[in-house]
Each structure stands twice: as structure tokens, then as C-alpha cells.
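One structure below.
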Amino acid sequence: MRIGVVTFPGSLDDRDAIRAVRLCGAEAVSLWHADDTLHDVDAVILPGGFSYGDYLRCGAIARFAPVMDRVIDAATGGMPVLGICNGFQILCESHLLPGALIRNDHRLFNCIDVRLVVENTATPWTRDFGRWQEITIALKNGEGGYVADQRTLDMLEAEGRVVFRYAGSNPNGSYNAIAGVSNERGNVVGLMPHPEHCVEEGFGPSTDGRGFFTSVIAALAAGTGLEVRQ
Amino acid sequence: MSTLDTVAHAAQTPDVEQPWAELGLKSDEYANIREIVGRRPTIAELAMYSVMWSEHCSYKSSKVHFALWGENTTDQMREKLLVGIGENAGVVDIGDGWAVTFKAESHNHPSYVEPYQGAATGVGGIVRDIMSMGARPIAVMDSLRFGNLDHPDTARVLPGVVAGVGGYGNCLGLPNVGGEVVFDDCYQGNPLVNALCVGAMRVEDIHLAKATGVGNHVVLFGAKTGGDGIGGVSVLASETFDEGGPAKRPAVQVGDPFAEKVLIECCLDLYAARVVAGIQDLGGAGLSCATSELASNGEGGMRIELDKVPLRDPSLRPEEILMSESQERMMAIVEPHRLEEFLAITTKWDVEATVLGEVTDTGRLVVTWHGEVIVDVPPRSVAHEGPTYHRPLARPTYLDVLTADDTTDLARPGDHDGAGLRHALLTVLAGPNIADKSWVTDQYDRYVMGNTAMAQPDDAGVVRVDEFTGLGVALATDCNSRFCALDPYDGAQLALSEAYRNVAVSGARPLAVTDCLNFGSPEDPGVMWAFRESVRALAEGCKFLGIPVTGGNVSFYNQTGDVAIHPTPLVGVLGVMQDVSKRPGSGFRTEGEHIYLLGATRDELDGSEWSRVLHGHLGGRPPQVDLAAEMRLAEVLVQGTDKRVFGMAHDLSQGGLAIALAESVLRHGVGAAVSLREVTHIWGVSAFAALFAESTARVLVSVREDHERPLAQLCAANSVPMAHLGTVGRPGSGLVVQDCFEVDLDELQAAHTHTLRAAFAG
Amino acid sequence: MGRIVVDVMLKPEILDPQGQAVARALPRLGFDHITEVRQGKRFVLTVDGEVTEDDLAQARDAAERLLSNPVIEDVVSVRAEASATTGATSEASATSGASA
Amino acid sequence: MGRIVVDVMLKPEILDPQGQAVARALPRLGFDHITEVRQGKRFVLTVDGEVTEDDLAQARDAAERLLSNPVIEDVVSVRAEASATTGATSEASATSGASA
Ligand SMILES: Nc1ncnc2c1ncn2[C@@H]1O[C@H](COP(=O)(O)OP(=O)(O)O)[C@@H](O)[C@H]1O
Ligand SMILES: [Mg+2]
Chain G
175 MRIGVVTFPG SLDDRDAIRA VRLCGAEAVS LWHADDTLHD VDAVILPGGF
225 SYGDYLRCGA IARFAPVMDR VIDAATGGMP VLGICNGFQI LCESHLLPGA
275 LIRNDHRLFN CIDVRLVVEN TATPWTRDFG RWQEITIALK NGEGGYVADQ
325 RTLDMLEAEG RVVFRYAGSN PNGSYNAIAG VSNERGNVVG LMPHPEHCVE
375 EGFGPSTDGR GFFTSVIAAL AAGTGLEVRQ
Chain V
34 MSTLDTVAHA AQTPDVEQPW AELGLKSDEY ANIREIVGRR PTIAELAMYS
84 VMWSEHCSYK SSKVHFALWG ENTTDQMREK LLVGIGENAG VVDIGDGWAV
134 TFKAESHNHP SYVEPYQGAA TGVGGIVRDI MSMGARPIAV MDSLRFGNLD
184 HPDTARVLPG VVAGVGGYGN CLGLPNVGGE VVFDDCYQGN PLVNALCVGA
234 MRVEDIHLAK ATGVGNHVVL FGAKTGGDGI GGVSVLASET FDEGGPAKRP
284 AVQVGDPFAE KVLIECCLDL YAARVVAGIQ DLGGAGLSCA TSELASNGEG
334 GMRIELDKVP LRDPSLRPEE ILMSESQERM MAIVEPHRLE EFLAITTKWD
384 VEATVLGEVT DTGRLVVTWH GEVIVDVPPR SVAHEGPTYH RPLARPTYLD
434 VLTADDTTDL ARPGDHDGAG LRHALLTVLA GPNIADKSWV TDQYDRYVMG
484 NTAMAQPDDA GVVRVDEFTG LGVALATDCN SRFCALDPYD GAQLALSEAY
534 RNVAVSGARP LAVTDCLNFG SPEDPGVMWA FRESVRALAE GCKFLGIPVT
584 GGNVSFYNQT GDVAIHPTPL VGVLGVMQDV SKRPGSGFRT EGEHIYLLGA
634 TRDELDGSEW SRVLHGHLGG RPPQVDLAAE MRLAEVLVQG TDKRVFGMAH
684 DLSQGGLAIA LAESVLRHGV GAAVSLREVT HIWGVSAFAA LFAESTARVL
734 VSVREDHERP LAQLCAANSV PMAHLGTVGR PGSGLVVQDC FEVDLDELQA
784 AHTHTLRAAF AG
Chain R
123 MGRIVVDVML KPEILDPQGQ AVARALPRLG FDHITEVRQG KRFVLTVDGE
173 VTEDDLAQAR DAAERLLSNP VIEDVVSVRA EASATTGATS EASATSGASA
Chain Z
123 MGRIVVDVML KPEILDPQGQ AVARALPRLG FDHITEVRQG KRFVLTVDGE
173 VTEDDLAQAR DAAERLLSNP VIEDVVSVRA EASATTGATS EASATSGASA
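Residue numbers (our numbering), protein chains in the order written: chain G, 175 to 404; chain V, 34 to 795; chain R, 123 to 222; chain Z, 123 to 222.
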């Protein structure tokens, strides 16, 4: 099982994502932003960080990296893709996921532990969770407010594509307290909180993040999402 | 068009008036420069000497006192010291082939002028110092001091500084694992922004700032050079016969953390490829500093073509280029046969790199501008042989008055005044210096890199260095400047004690020290005396504790008019831990565990947080320094942590036992029921003193019942006194002090969290 | 050297926390006329020589594809700067006493 | 409802990492005419009724004191918006085909 983690200039949590993949039992493969191949990976993670300094808009410049053309092709073909924080922003800028992330409503960067409700367990990234299970994951960003127009929000709600919702208070003014969403097919998932910081006892607020990585490994083993192996 | 002031021209025009005074040079310093170069200096030379001989770069007022560091460093202390004072940062051996480097630096004045950029570039600068040792930076800390919380200028400065520290550090992907936020009227107009960075590397990867190897290339890489930070030297423009008048030069530097992040990764690739023979960051004094220090530390000579420097602003004049403090730049020495490989790596990271010149053995630093020589000087004279002052020292007489005005006459709640004690607890807990700092620290990423075992609000930052063994380091920075105001010697040793204790309480063995000495004007004999006392105290204290000072920073002129800040010798202690996952953490967690107070309590309330918050008082003598007790206590803490004896451990400092208990309850929302009986009985103090005295060498610990015996044995073996306090309560319960008072969790929480949020939210 | 100015604003229906914060701060400073604030971005693009129609076309395209995100933002204007030679300063003086 | 537009840019001598990042991305997208990019802020302030001289004076003052940081930024323009009633869209259509 090969899971790729893309490094853009300014990616920060790429090494953490690689560690999480490894600890959960898959082979982690480093992908470089300038690559034009995905090196035969079975799934891709776009990690957190400040790609290109988050200048202009978060994810706006990374979206045009050569590797993103391959990621977009693969995602369209059904490969599991997970965007964490900056990765989520890149997926939105690439229009692989609907909506956008804007400055937190309190306008501050915020590093806190949040509780999330897992509302959709049909994606390859969430199948090891129970539906409505509450998990604790680290959140850290300045631009984590999820926004979309009403039609999009209605569609996401109706189609069960809100994968994670903040439990308790809304930490950043996200519309409908949305923490993460999926594409229509479910293979592409993005969220603002950081599961890769929650995989080791003693380092991070919980080990609830393991479920993301064990899920995709199980999904790949079961043959889901292998349609477009590159 | 303007005339270029070349060396040849300078030789022919010895009598030209030069603006040495405006550049901050004294007449004898200027005369000295003329003597060194054997003629009048060129404008470019004058620029170099003036910045390099400034207080900030040359340590001209402090240097004479630094002999104390060396005199107080024993061979045993040197054992773990791989690189000592004098390099960009000290390096210590932490075992298993790993080395760590750490250092603190001030960015006080720039942060007052432009809080966001000032603080941001402060972080950027110290991170480059760490990078230049060959290390990967692994964490940062920030110690911040502001004026009164309610002063409008604090509302201007603090949010900007915090956003700047966070904005830069977060974007670099360095976890922020600790620091301080202190409010005191003495910092009004002179806020302090001290940043610390720690880095890790394999021992064999240590790099030094040396230009060795005649014929090796001198390569400048990173951001383009702009006019940053040279506003102050615009006086030079008038000297350059410029017709259009000086262009505008910004006095503030603006940081680009993204560029620095890329530079970090690029440097690490360069180190891994072993293509760097010497390296230096560009910080204060920019190219003047980097070229002269590299040359001076190496073969002694260098030749630079200054016109090759890539510019952001083409109107910059050569002397301005030499002084520019543009951020995110590094200078490397590269062997000719490695250059291609070097440039391939910089290209991969899209980092601009330019060969500026070469290393020579001429003993001269020669700088040319389009083929004409504009600088020709001995580099040592610029970098290391600047002026040295023996400034007058005098113990200020007001200290006698201050010492006499102790706390004995302040009204204290009696032993049976439960309401009074309760009120004192809640008031101190809500005081700006004790109050919850999460409004600040939530703006810092503490998780990035995935190696943070402990961070705010615990006592020290703990980060893993080796993922496979769990080997890691703990770091704490401290300084209670109220104690320093009362007695600079004891105050400095109390800062050292506290940082040392904070490292030990997290389970790490203290290993090395950095400092950042923030003072008023060195021209004030009272300030200079306090400075000398502080250095002596730290040097002697470190010798006693057996941990060397590996480096640091001095910031003078932190004063408004003739009123200086309190002496603020910030101390950073680094400790090492074989398995960071064993750290106990600072909060109660497990119901039924037994709570003990380790260490001796005395009736020491002078300079305390209680005297400040309830009485607005500062006077008397600081608490007794007891370094031997700190060492014995540390032994208990380190061994106990290794044996997993403790459920939690939290040190006592400002606000004493009362605040340590409240913080331990608040940490995880788990209460405690305690009695002061043993403490008051053993130490013969009142309930009030038991709660609020700030005696040192004390910690609060909790242990499971089956660990009480091992704890008692450890304490006995190390002669550390212990007193039983009570037991940990249920989750959600509050603090019960038997026969005294009770406070439920919500009320504790409200008192603790309201202060900063009310001041800065919205 | 010619300059092209591109203005981008958040769509009216998208929350603007920065504008809101400014609006909240105004009354405290004694500014009571202003009822709402929206904060957007202004890009100044420099091209070699005079601004041509071709440059403008390229700028418009860049504005749509990179400088704005159509999900949340509108490009409200792409135009050659009035006096192209001296840049920002000239624009400041061309408008009504910005530095009152 | 009247609108006042305030434009704020970084001073020309101050490093603009954002503008730089955009400038570096442009050629990759095939935009090769643009040699430099500076990114600033554009505020749209709404006032009740028509924009008066008094409103403009207040806006100028706010621009200097709150909307810009004089250490690193310049207020390059404070002006009433051309067609005040329909806001952003009208300005867009007043200029040359922003949404090309
Ligand atoms: N207060 C201090 N205590 C110990 N060493 C100091 C102190 N101040 C400066 N130093 C040391 O003196 C040397 C020169 O300091 P500095 O100029 O700040 O270094 P850099 O050039 O890397 O900024 C460094 O090795 C630094 O660690
Ligand atoms: Mg240095």
C-alpha cells in the first residue's frame, strides 16, 4: 500500500503525515510539487502548512503546481485524496471540493483541540469510525472558516457530504459548523483539523487521528478506490 | 550621478569631513578607524565600522564582563559543550550522536516601532542563527514583556507582537513550546521581545562561521537585498554627493517567513550534500557582519564584488548594501568543485544564489564596486577588535530605601480568615501575570512536526529529538524582574533557579544555559552595576549548578528618559531526557492520588505577586537563593520521572502554593482537597505564608498510593523535605483548602481566564 | 513602465470578518458616519512599456484565474492606471487629498 | 447609501512577499507580460445617504489612523465611488470589461 504525501514549498506537516501513514502501517511516498507523476501511489494526502506562504489566498498558488494536474486526474478517476488544512484549501481552490476557506471570524490564528462529529463514514478516509462518533483532533489555522453559497450548502447537507462537523462551539465561523466535506463520489475528503497530529500517545491531544489512515488502508485493501492506480 | 568614494579617492582626500558622529561613533573611535586603515575611511568603510562597532554588534560595554563566563566554566562543564560562547549559538552534546543548539535574542526596539514586523523578524533572526550551526530548527519560544495591561499602548503593541511571533513561527513550521508574557509598568515604552530557538543535528553535522580554504567561493543566497533597516543611516546619503537627494529607506525590516522556510529546507539539503565549508546568517549589520566575521574567523581574507549582490531596490548605494538588514539571507563558503552541486540544490528550492567573491589569505577584506576598491580593511578590526569600554559602575543608593520598605506592614489575612485568603487567591489568580495566557498561546502552533511532548501551559517545552528512542530536550525561560529590581545578583540567580526547576520538573536533566540580558543605558553607572551583578550571578550560579552558559545576547538602552526598565536578565535552561514520553505534566488527572509539597517554605512575601496585585507594592528582599536545594530537588524530579513515580509535577513560583494548586486543578479540570496543617507545622509559617510565599526550590507533585514509598525514599536520599497536602479530587471538582476555604472549578476558571480575554478579545 | 490595477472584493453574500472588525472599531475612534466596511484586495501589476490592450487582456485573465477565487470573490475592476509613469505617488496626488 | 473607496498599498520601499509570490506564479500560468506585482488593500466604506465632504473627511482620517499602518503603508486614494447606488457591480461595469 503506497500513500503519497505531497510537499509544496511551504508545506509544514508533510513529515507528520508521512509519519502517520507509516505508524498506521502503509508505505509513505514523498511526492514533490514539481513532479508530473504520482509514482504509483494508491492514495494521496495534501498536507497542512503554508504553501507559498499562503500568500494571495491559501492554496491558490499551490493549485497550479505541476503535481496538482496529476492529483486532479487521479481524484477525478476515484483515487482517495485527503486534504488536511492547507491541503483542504488547495482542494477547494482546485474545485475538487466545493466552497472555500476564509479568515477565521475572530481573525486570529487559533491552535486548539476541537471535538468533531463524524457524520459520513462511507468515505475511504472515515470507514473505521462510527457514524456520529465524536473525536478530538488538533485544529490550527488562521483561515479555517468554511464558506459556500446557500445552494452548495444545501446540496452538501442533502447529499450527506458534510463529513465532519464541529461539536460544541464553532471555532472559526464556518458555515453550518462544517469542519470537512467530500466530493460527490466520496473519494476526495478535506478538513481543517489535523488528524496527523493525533496518532501517537503523548504527542498531540488524542490518537483519534489514526482512524483516517487505518480507514484508507482498509479501503485500499478492500479494493475501493483502486480503479485508477497510476 | 554621484561620485564613488573609492579607497584611492579617500587616500587623496584626507581632509573630507565625515559624519562619524551622526553614525554613532565617538571621536576616538573615528580616530582609531583612521589609524587602522591608515587614511580616512571610505564611506563604505565608515558604514561598516559604524554598524559593527555599535553597541548591538560589538558588545563594547558588556564585553569586559564576559570574562566571567570563561572564569566560571570548569572542565567538567565543558565536557558536553561542543561549541561554546563566540559562535552564532552554542552546541551541546545530548548523547546518542545528537547535538542541540539553542539561543535567545532580543528584538525589543523594532517591536515597539512596528510590533508585527519587529517580532516576526526577531523570530526569523534567531532561527537563522540556529540554522547557521548546521541544525534543523525544532522549536521556538518567546518571552514577552509589556507595560500595564490597561495602558492603550499595550493594546497597540501586544496583539501585533503576538501576531508577529505567531505569523512567522507558524509559517516556518516550528512549534512554539513556551515563553512568558509579563506586564509591568517598567516596560511601558520599552516592551521586551526575546525569542529563543532550539535546533538539533547529528554531532558530525556541526557547521561553523569560518571562511577557510583560499580560493573557495563566497556565495550569498536567499532573498534579494533591499533597503531594510537602514533608515537610521540615511545620513550617509548626504555624503555621497547625490543630486536627487536620498531615496526613502525603511527603518523597519519586513519578514517573509515563506522565504525563510524554503531557506531552511534548502540549507538542510546543502548540509546533507556536504557542499558547505562555512556558513553565516545575515542578521544585524547584514553583509558587513557576515563578510567580516567569516573572514576574521577563517583564513583572514576575502574579496567581494559588491555589485553582484542581487537587489530588490536598484537605487541602493554600495554602503547601503553593506549595511542592509534585509531578512532571509545566508552566506556560504563553497569549495570550487562543490559549486555546481550547491547551485543545483538552491535551484531546486528556487532560492537565488550568487557567487560574490572568494576567500583569500591576504589578511584584508576587500570590497569592490564595478571594479573599483571601496573597502580594504583588516576584517578582525571590523568584527572582533572594536572598542571596549570599562564603564563606571555604582550601586544605586535608592536600593537601601527599597530594601527597607519590606512587606511586614502590609495587611495579611489571618489564619482563620478563610474569606480573606480565598479573596487573595482569586485576585492573584486573575492578576495579569498569573492569568491564563491562552489568548496569546492559542495563536501559536505547538503541534507542528509532531514531536511536542509538552508545551504551554506546562512548565517547560519538551520536544522529541530522536523519533526512534524518544530522546529529547526540555526548555524553559524565566526572569522575575521584580526580584532583580530588589537585588540584581539574587534576582538573576532566582531567574536561573526558576528556569532550572522548570526543566527539572518536566523530568529533564538540566544541561546548559542561554541568556538574554535586557537592561537600561550602559552609560548609567547604576544600570551598569546591575548588569555586572547579573552576569556575575549567572556565571557563578551556573558554575555551582555545573551547567555552562553557551551563548546569549545583550540589549541595552531599554529606557525612557533616565528611567530604565528593571534589570531583566532572561535565562533559558535546556535539559535532556532519555524518553520524553515519560514527562509527568503539570495538572491533576487521577482522582485519589496523593499530593505532596517538596521543599522548604519560609515567610517570603517581599516582591511577591501577592504584594504586587493586592498592594501595588515592591520592596524588601527577594526570596532566599538556594541552588544546592534546587540541585537536590532536581535529582528527585529527574529520577522520579524516569521511574514514573509522579502522576503530575508542577513547580511553585509566582503566587506560591496557592497558585500552583489552582493551576494544577485548572489544567485538566480535576480538583483537589488539601490541608495546610503539615506545611504550617513543619515550617512554622502562617496559613497565609504557606499559600502565598514565593520560597524557591519547591514543587507540587501527586503520586499514586503505591508510589508514596518510593517518593519518600527518593526525597530522603536527596534530603528534600516533603509535606503531605491531600488528595486529587473528582474531574469537575474545585479546590478545597480544609479549614480555610473552597472554590469551585467554574469560579477558578472565570478568575483565571477572564483577564486577558477581556483586554484583547474583539 | 505601465501599471494595471486589479480590484477584487468578496462577494456580497460572503462573510467578511476583517471588514466587520474594522466597522466595529470605527465608532470607538469617533467615526460614526460609516455604517459598513468591506475589505478587498488591490493588485498593482507592472508591465514593460505602455499598457496595451493585450496586456489588459492578460491581466483580466490573470484576475479571473489566479488573483480571485470565483467561489467567494468578484473581480470588480481591471484598468490601466491613470498616470502610468510615476506610479503610486502620482495616483495619490491625483485623487482628493488622501493624506489629509 | 453612498460608498467611499479607500486604497492602501505597502510603501514602495517595503518588501511585499505576497506580491512577489504572485509575480512568481504568473509565468507558470503563461502570463509573461507582467513584470512586477504589489498587493494592497481596498476598503469599501458605506455611509447613509449621499457621500458628503464631511464623510470623506472622516474616511480620510480613518484611512490614516485605522485602515493603514503609516510605518509601512501609504493611503493611495480615498474617493467617493462613482455610481453610489448599486455598489461594486456598477464600478466593475464602469471599467473595461473586468469579467472578460
Ligand atoms: N549575555 C551573553 N551571555 C553569553 N554569551 C553572550 C551573551 N551575549 C552575547 N554572547 C555571545 O557572544 C557572541 C556574539 O553574540 P552575537 O553578536 O549576538 O551573535 P550573532 O552574531 O550570532 O548575533 C555569541 O556567541 C553570543 O552567544
Ligand atoms: Mg548570528
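We put the CB at the ideal spot given by N, CA and C, even for glycine.
This one's a predicted model, so the numbers in the text were calculated from it and none came from an experiment.
Worksheet item: Using a Cβ-Cβ cut-off of 8 Å (strictly less than) and excluding sequence neighbours within five positions of Arg-125/Z, which residues of its own chain qualify?
Response: Val-166, Leu-167, Thr-168, Val-169, Val-173, Ala-202, Glu-203, Ala-206, Gly-209
Item to complete: My understanding is that Ile-263/V touches Leu-37/V, with C-beta atoms under 8 Å, so please give their C-beta distance in whole angstroms.
Response: Not confirmed; about 18 Å, so no contact.
Fill in: Endpoints, the alpha helix (DSSP H) within which Asp-523/V is located
521-538
Worksheet item: Mind pulling the chain Z residues with CB within less than 8 Å of Ala-184/R?
Response: Leu-148, Leu-151, Phe-153, Ile-156
Practice prompt. Look at the Cβ atom of Glu-352/V, then the Cβ atom of Ile-76/V, and state whether they are nearer than 7 Å.
Written response: yes
Worksheet entry | Residue burial classification, Gly-447/V (beta-carbon count within 10 angstroms, cutoff 16) | exposed
Discussion item. Just list the residues that DSSP pairs Ile-156/Z with in beta bridges.
Written reply: Val-169/R
Worksheet item: Using DSSP with H/G/I as helix, E/B as strand and the rest coil, what is Trp-562/V?
Response: helix
Practice prompt. Check distances from the C-beta atoms of the segment 176-208 of chain G to those of chain Z and list, in chain order, the residues that come in under 8 Å.
Written response: none
Worksheet item: Got a sec: which bits of the segment 158-169 of chain Z sit with their beta carbon under 7 Å from any beta carbon on chain R, in order along the chain?
Response: Glu-158, Val-159, Arg-160, Gln-161, Gly-162, Lys-163, Arg-164, Phe-165, Val-166, Leu-167, Thr-168, Val-169
Discussion item. Does the CB of Gly-155/V have a neighbour CB from chain Z at under 7 Å?
Written reply: no
Discussion item. Counting only Cβ pairs nearer than 7 Å, list the residues of chain G close to Lys-294/V.
Written reply: Gly-184
Worksheet item: If you check the beta carbons only, do Leu-275/G and Gly-223/G fall under 7 Å apart?
Response: no
Fill in: Nearest-angstrom beta carbon gap, Phe-721/V and Arg-445/V [assumed within contact, 8 Å]
5 Å
Worksheet entry | Neighbourhood of Met-796/V by C-beta, 6 Å cutoff - its chain only, sequence neighbours within 5 removed | Any question about residue 796/V goes unanswered here, given that chain V covers just 34 to 795.
Discussion item. Between Asp-177/Z and chain R, is any beta-carbon pair separated by less than 7 Å?
Written reply: yes
Practice prompt. With 7 Å as the C-beta to C-beta threshold (strictly closer), list the residues of the segment 450-479 of chain V near chain G in chain order.
Written response: Asp-475, Gln-476, Tyr-477, Asp-478, Arg-479
Discussion item. Classify Thr-401/V: buried if its beta carbon has 16 or more other beta carbons within 10 angstroms, exposed otherwise.
Written reply: buried
Discussion item. Just list the residues that DSSP pairs Phe-377/G with in beta bridges.
Written reply: Glu-374/G
Worksheet item: Is the Cβ of Ala-143/R closer than 7 Å to any Cβ of chain G?
Response: yes
Practice prompt. Put Tyr-629/V into one of helix, strand or coil per three-state DSSP.
Written response: strand
Worksheet item: Is there a Cβ from chain R that is less than 7 Å from the Cβ of Asp-279/G?
Response: yes
Worksheet entry | Under the three-state DSSP convention, the category Glu-405/V falls into | strand
Worksheet item: List, in order along the chain, the chain R residues whose C-beta lies closer than 9 Å to that of Ala-274/G?
Response: Ile-136, Asn-191, Val-193, Ile-194, Glu-195
Item to complete: Using a threshold of 7 Å, state whether the C-beta atoms of Gly-24/V and Leu-186/G are closer than that.
Response: A question about residue 24/V goes unanswered here, because the residues of chain V that appear run from 34 up to 795.
Discussion item. Comparing C-alpha positions only, which one of Pro-134/R, Ile-136/R, Pro-149/R, Val-200/R sits nearest to Leu-178/R?
Written reply: Val-200/R
Discussion item. So for Tyr-92/V, helix, strand or coil by DSSP?
Written reply: coil
Discussion item. Using C-beta distances below 6 Å, list every residue in its chain close to Ser-766/V, excluding the 5 sequence neighbours before and after it, in chain order.
Written reply: Gly-704
Discussion item. Between Gly-319/G and chain Z, is the shortest Cβ-Cβ distance under 7 Å, so that the two count as touching?
Written reply: no
Fill in: Endpoints, beta strand (DSSP E) assigned at Tyr-320/G
319-321
Item to complete: Could you name the residues of chain G that Gln-180/Z contacts, counting a contact when the two beta carbons are closer than 9 Å?
Response: By Cβ distance, chain G contributes nothing, its closest Cβ being about 24 Å from Gln-180/Z, past 9 Å.
Practice prompt. Specify the secondary structure class of Thr-786/V as computed by DSSP and reduced to three states.
Written response: helix
Worksheet entry | Short CB-CB distance (under 7 Å) between Gly-259/V and chain A | The structure shown contains no chain A; its protein chains are G, V, R and Z.
Fill in: chain V contact for Phe-238/G (CB, 7 Å cutoff)
no
Item to complete: May I ask you to report which of helix, strand or coil DSSP gives Leu-456/V?
Response: Checking the sequence shown, residue 456/V turns out to be His, not Leu. Here His-456/V sits in helix by DSSP.
Discussion item. Please confirm whether Ala-486/V has its beta-carbon closer than 7 Å to some beta-carbon of chain G.
Written reply: yes
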